[in-house]
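Colleague: Heads up: take any position in the sequence shown, counting from 1, add 976, and you land on this note's numbering.
Using N, Cα and C, we set each Cβ at its ideal position, and we do this for glycine too.
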Amino acid sequence: AYVRPPYPGRRPALNVDEAVRRGEVKTFWIGGCNPVLTTLRAEAMERALIERGAPVREALASTRGRPVGERVVAIVEAMKRGGMFVMAQDIYLTASAKHAHLVLPAAQWGEMNLTSINGERRLRLYERFMDPPGEAIPDWEIMARFGRRLRALYLEDRNPQMANRFLDYDWKSDEDVFIHARYQFKGDGSDPMEGYAGITYDLLRELGNTGVQTPVRLVNG
977 AYVRPPYPGR
987 RPALNVDEAV
997 RRGEVKTFWI
1007 GGCNPVLTTL
1017 RAEAMERALI
1027 ERGAPVREAL
1037 ASTRGRPVGE
1047 RVVAIVEAMK
1057 RGGMFVMAQD
1067 IYLTASAKHA
1077 HLVLPAAQWG
1087 EMNLTSINGE
1097 RRLRLYERFM
1107 DPPGEAIPDW
1117 EIMARFGRRL
1127 RALYLEDRNP
1137 QMANRFLDYD
1147 WKSDEDVFIH
1157 ARYQFKGDGS
1167 DPMEGYAGIT
1177 YDLLRELGNT
1187 GVQTPVRLVN
1197 G
């Protein structure tokens, strides 16, 4: 049930699969999907992950046991030579994640609060009922940690323009993320997207499995 913010990139949008295969991408973050099995030209995608990931794997192998800073420098140099750093964020080691240099353990359904919307625009809250295993955390928290760290690094590098791209990653809970997305749009009828105006987790809990059919507008308040 994520309300997308305005798209900040170029038009037409980048075809990520083709960009990976053509060598135009230096870092590939795979989250909640499995392109090796599902994308068009899947064999070519896997070949690209293997071939373009090889320089980074070699850099990591040659610096095993060395300080983190040295390993990072080696990775960056490998990327300059055409290598691609691959990250995978998932609940288990998928066919795509097996080619990743960094695997981020994500929590799954039931291990985190989750909002979902179906084909008739009915929004529901699915509440957590068990703890995630080990170091697994929700996707939003992984993104938040990366966003906060990138902002700090860009500020250290005196690059406020890039740092400002990561201003809003100070979420403390899954509901914070939901509310942040909700406020991306006016919710007054002038927006073509589904409006979530006034929706909170408490309201969704009260509505239970019935949920609420969007768009929802605030009237007199």
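What is the C-beta distance between Gln1065 and Gly1008, in whole angstroms, given that I count them as a contact (C-beta under 8 Å)?
Modeller: 7 Å between Cβ atoms; contact.
Colleague: Cα separation between Asn1089 and Met1055?
Modeller: 37 Å
Colleague: Between the Cα of His1077 and the Cα atoms of Glu1096, Arg1057, Ala1030, which residue gives the shortest distance?
Modeller: Ala1030
Colleague: What does the Cβ neighbour count give for Ala1037, buried or exposed, with the cut at 16 atoms within 10 Å?
Modeller: exposed
Colleague: Between which two residues does the alpha helix (DSSP H) holding Leu1126 run?
Modeller: 1115-1132
Colleague: Give me the Cα-Cα distance between Val1195 and Ala1083, rounded to the nearest whole angstrom.
Modeller: Each residue's alpha carbon lies about 37 Å from the other.
Colleague: Tell me whether Arg998 sits in a helix, a strand or coil according to DSSP, three-state version.
Modeller: helix
Colleague: Please return the same chain residues whose Cβ sits closer than 7 Å to the Cβ of Pro1168, not counting the five positions on each side in sequence.
Modeller: Bear in mind that the predicted position of Pro1168 carries a pLDDT of just 47, short of 50, making it unreliable; the figure below should be weighed with that in mind. Around Pro1168, the same chain offers no residue with a beta carbon nearer than 7 Å, after the five sequence neighbours per side are excluded.
Colleague: Under the three-state reduction of DSSP, which class applies to Gly1029: helix, strand or coil?
Modeller: Reduced to three states, the DSSP call for Gly1029 is helix.
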